[in-house]
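Asks: Sharing a structure below in structure tokens format, with a few things to ask.
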Amino acid sequence: MWLLDVLHTIFSLYSKLADCSTRMRSIVSFYFCYLLCLCLGIACVVFVSIWNSQWRGGFAWDGSALQFNWHPVLMVTGLVVLYGNGAVLYRIPLTWGQNKLPWKLLHAGVMLLALLCSILGLCAVFDFHHTNSTPNLYSLHSWIGICTTALFTTQWVMGLAGFLLPCSPMSFRKLLKPAHVWMGGCILILSIVSCISGINEKLFFALKGTTNGTVPYGNLPPEALVANSLGVLIVAFGLVVLKILSNQKWQRPEPRSEDLGYSPLLQDDS
């Protein structure tokens, strides 16, 4: 019997070591993807800023084309980079087992900053169009962009009402959570589509060749190379974020009721 007990103990230890090794590999893989996400996000902001400062003339808020340049910078920064980083906050293993309320507030704050950047980006382009008597919302890019921002606004308001207000019933939170997660992924995809379509549209308008003294877009001048690279970076960033969000092993473990360390009015199982 003692031999069986020894073998059972050895097998249990081996199983625990194997499980620990698997978890460690999963955590290392997460942080690799998260670091890649951060680097790609920074690269997106750098590329869109360089494009509009070096080739589009810089920035201003006077109704000129320099005001329009704020539009791509703010939309890429808000709708893509800040939004994507805010979406993956709950997946960081260091936050597991901690009070979730501060992370909920941080998530809401990052998303609010992303929303404000997006709204300011829309204000820049609408004001530019108004000053120059240019029609609004005539392209597919503009339709997708305005719908994405509207969905984002609705998503943020519903998230605030469902997950942060103390009076929100737990049954409503449980009902809202799957839709909130699904809609979050959809908004990110729409944001990426809107940004890359906007990059292409801007290049078609700006690089006309002999009509405005620029090198034709078809010749792939340096400006087009930088802008197209920005589009590739945006897609890569989105794919990494979606990879993080879709991996079941990287989801935050659900807290047990005895582990909740803050007010029952603010407790959350989402």
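Here UniProt numbering is used: the first residue of the sequence shown is 1, the next is one more, and so on. For every residue, glycine included, the Cβ atom is placed at its ideal position computed from N, Cα and C.
Using the beta-carbon count (16 or more within 10 Å), is S139 buried or exposed?
Replies: As a first step, residue 139 is located in the sequence shown; it is residue number 139 there, counting from the start. Exposed: under 16 other Cβ atoms inside 10 Å.
Asks: Report yes if the CB atom of C33 is closer than 8 angstroms to the CB atom of F237, and no otherwise.
Replies: Along the sequence shown, read from residue 1 onward, the residue named residue 33 stands at position 33. Along the sequence shown, read from residue 1 onward, the residue named residue 237 stands at position 237. No, they are not a contact pair.
Asks: DSSP on Y138, reduced to helix/strand/coil?
Replies: Within the sequence shown, the letter at position 138 stands for residue 138. DSSP places Y138 in coil when its eight states are reduced to three.
Asks: Give the DSSP-derived three-state secondary structure of N69 in the structure shown.
Replies: The sequence position of residue 69 within the sequence shown is 69, counting from 1. It is coil, neither helix nor strand.
Asks: Which stretch, first to last residue, makes up the alpha helix (DSSP H) that contains F204?
Replies: On the sequence shown, position 204 is the one that residue 204 refers to. Where F204 is concerned, the enclosing alpha helix (DSSP H) stretches over 170-206.
Asks: For the stretch 77-93 and the stretch 238-248, state whether three or more C-beta atom pairs, one from each stretch, are separated by less than 8 angstroms.
Replies: yes
Asks: If I measure Cβ to Cβ from G86 and keep anything under 7 angstroms in the same chain, skipping five residues before and after, which residues do I get?
Replies: Indexing the sequence shown from 1 puts residue 86 at position 86. Cβ within range, chain order: H107, V110, M111, A114.
Asks: Pairing CB atoms from the stretch 189-207 with CB atoms from the stretch 153-163, are three or more of them under 8 angstroms?
Replies: no
Asks: Using only the alpha-carbon positions, how far apart do M75 and S26 sit?
Replies: Locating residue 75 in the sequence shown gives position 75, where the first residue counts as 1. Locating residue 26 in the sequence shown gives position 26, where the first residue counts as 1. When the Cα atoms are used, M75 and S26 turn out to be separated by approximately 33 angstroms.
Asks: Contact between the stretch 209-224 and the stretch 63-82: three or more CB pairs below 8 angstroms?
Replies: no
Asks: Can you look up G97 in the DSSP assignment and give me helix, strand or coil?
Replies: For the purposes of this step, residue 97 is identified with residue 97 of the sequence shown, where counting begins at 1. Looking at G97 - three-state DSSP - the assignment turns out to be coil, as it is neither helix nor strand.
Asks: With burial defined as no fewer than 16 other Cβ atoms inside 10 Å of the residue's Cβ, what is the status of S118: buried or exposed?
Replies: Stepping through the sequence shown from its first residue, residue 118 is reached at position 118. When all chains shown are included, S118 counts as buried.
Asks: To the nearest angstrom, report how far apart S191 and T149 are at their CA atoms.
Replies: Translated into positions along the sequence shown, residue 191 becomes position 191. Translated into positions along the sequence shown, residue 149 becomes position 149. Cα to Cα, S191 sits roughly 8 angstroms from T149.
Asks: Short check: CB of L230 to CB of W103, under 8 angstroms?
Replies: Here residue 230 refers to the residue found at position 230 when the sequence shown is read from its first residue. Here residue 103 refers to the residue found at position 103 when the sequence shown is read from its first residue. Not in contact: L230 and W103 (Cβ atoms no closer than 8 angstroms).
Asks: Could you give the distance in angstroms between the alpha-carbon of D259 and the alpha-carbon of P169?
Replies: Numbered from its first residue, the sequence shown carries residue 259 at position 259. Numbered from its first residue, the sequence shown carries residue 169 at position 169. Legend: pLDDT at D259 = 41, less than 50; position of this residue unreliable, no value from coordinates given.
Asks: Give the C-beta separation of G41 and V81 to the nearest angstrom, bearing in mind that I take them to be a contact with Cβ-Cβ under 8 angstroms.
Replies: Your numbering for residue 41 matches position 41 in the sequence shown. Your numbering for residue 81 matches position 81 in the sequence shown. At roughly 4 angstroms, the Cβ-Cβ gap stays under 8 angstroms, so G41 and V81 are in contact.
Asks: Based on Cα-Cα distance, which residue from V28, T153, L105, G121 lies nearest to V73?
Replies: Here residue 73 refers to the residue found at position 73 when the sequence shown is read from its first residue. Looking at the Cα atoms, G121 is the closest of the given residues.
Asks: From which residue to which residue does the alpha helix (DSSP H) around V241 run?
Replies: Locating residue 241 in the sequence shown gives position 241, where the first residue counts as 1. It spans 222-246 - the alpha helix (DSSP H) in which V241 sits, taken as one unbroken run.
Asks: Since G63 is in the alpha helix (DSSP H), which residue starts that stretch and which ends it?
Replies: For this step, residue 63 is matched to residue 63 along the sequence shown. No alpha helix (DSSP H) contains G63, which DSSP labels as neither H nor E.
Asks: Starting from the C-beta of F204, find all residues in its chain whose C-beta is less than 8 angstroms away, skip the five residues before and the five after it, and write them out in chain order.
Replies: If you number the sequence shown from 1, residue 204 lands on position 204. The residues are Y217.
Asks: Roughly how far, in whole angstroms, is the beta-carbon of L233 from the beta-carbon of F47, given that I think they are within contact range, below 8 angstroms?
Replies: Working through the sequence shown from its first residue, we reach residue 233 at position 233. Working through the sequence shown from its first residue, we reach residue 47 at position 47. Between F47 and L233 the Cβ distance is about 6 angstroms, and since that is below 8 angstroms, they are a contact.
Asks: Would you report the Cα separation of R23 and C37, rounded to the nearest angstrom?
Replies: Translated into positions along the sequence shown, residue 23 becomes position 23. Translated into positions along the sequence shown, residue 37 becomes position 37. Taken atom to atom, the span from the alpha-carbon of R23 to that of C37 is near 21 angstroms.
Asks: Which one of A206, F128, R252, V241 has the shortest CA to CA distance from R56?
Replies: Counted from its first residue, the sequence shown places residue 56 at position 56. With distances taken between Cα atoms, R56 lies closest to A206.
Asks: In or out: G213 buried (at least 16 other Cβ within 10 Å) or exposed?
Replies: Your numbering for residue 213 matches position 213 in the sequence shown. Answer is exposed; the Cβ neighbour count stays below 16.
Asks: Ignore the nearest five residues each way along the sequence and tell me which others in H71's own chain have a CB closer than 6 angstroms to its CB.
Replies: Position 71 of the sequence shown, counted from the start, is the residue given in the question as residue 71. Excluding positions up to five away in sequence, the list reads G121, A124, V125.
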